[in-house]
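In the numbering used here, the protein residues as written are 821 to 1006.
Using N, Cα and C, we set each Cβ at its ideal position, and we do this for glycine too.
Quick caveat, the model's predicted, so the values are computed rather than measured.
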């Protein structure tokens, strides 16, 4: 019996790829190290440190900090480019009173809370696990394991909604059941 519903954010509940691309392109430009959309797209899904290492390994710590801060700013300016997966959000809202709900993502808490607040979904989750709460990104199951632990219950009683292959690998490694959300469903 399913007791927990856990959702990924990027690409699952929201298509925010364009907003991320725009924000990173502008942030790297602000730090004096311009990148192209294609550069970012080749490394989409990497956590911040790994992304910078791939796109601009020459940046010093001060420049990296500037990219991080400017990305937050530009991301908020690009919120209009984010498309919600309304059918899945409607399902989440309908199930929240019945099932325990969690969000497990390796995105920054700042961005996660910003998006959820913007779309009035902060209260739709019993647990929110973000990048700051884990040491390892997907496909490591850490974010899902942590979410399931806080929600209570067992992994096999958990249904995870995920879009990416690395996210699906993480969900399977956590021992949960998984539904793959495809981009055309958003």
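Quick check on residue i: does DSSP put it in helix, strand or coil?
i: residue 833; result: coil
i: residue 934; result: helix
i: residue 904; result: strand
i: residue 972; result: coil
i: residue 955; result: coil
i: residue 924; result: strand
i: residue 942; result: helix
i: residue 992; result: helix
Report the option in the options whose CA atom is closest to the CA atom of residue i.
i: residue 856; options: 845, 915, 866, 850; result: 845
i: residue 877; options: 977, 933, 848, 891; result: 848
i: residue 829; options: 860, 843, 931; result: 931
i: residue 862; options: 841, 958, 964, 833; result: 841
i: residue 912; options: 936, 870, 951; result: 936
i: residue 974; options: 928, 872, 991, 874; result: 991
i: residue 906; options: 875, 831, 880; result: 831
i: residue 860; options: 874, 883, 960; result: 874
i: residue 972; options: 947, 956, 938, 933; result: 947
i: residue 922; options: 827, 867, 821; result: 827
Whole angstroms are fine: how far does the CA of residue j sit from the CA of residue i?
i: residue 980; j: residue 898; result: 28 Å
i: residue 926; j: residue 917; result: 25 Å
i: residue 949; j: residue 858; result: 29 Å
i: residue 903; j: residue 982; result: 16 Å
i: residue 793; j: residue 968; result: There is no way to answer for residue 793, as the model of the chain reaches only from 821 to 1006.
i: residue 964; j: residue 987; result: 9 Å
i: residue 956; j: residue 833; result: 22 Å
i: residue 961; j: residue 882; result: 31 Å
Along the chain, where does the alpha helix (DSSP H) that runs through residue i open and close?
i: residue 884; result: 881–897
i: residue 875; result: 868–875
Would you mind reading off the limits of the beta strand (DSSP E) that contains residue i?
i: residue 982; result: 978–982
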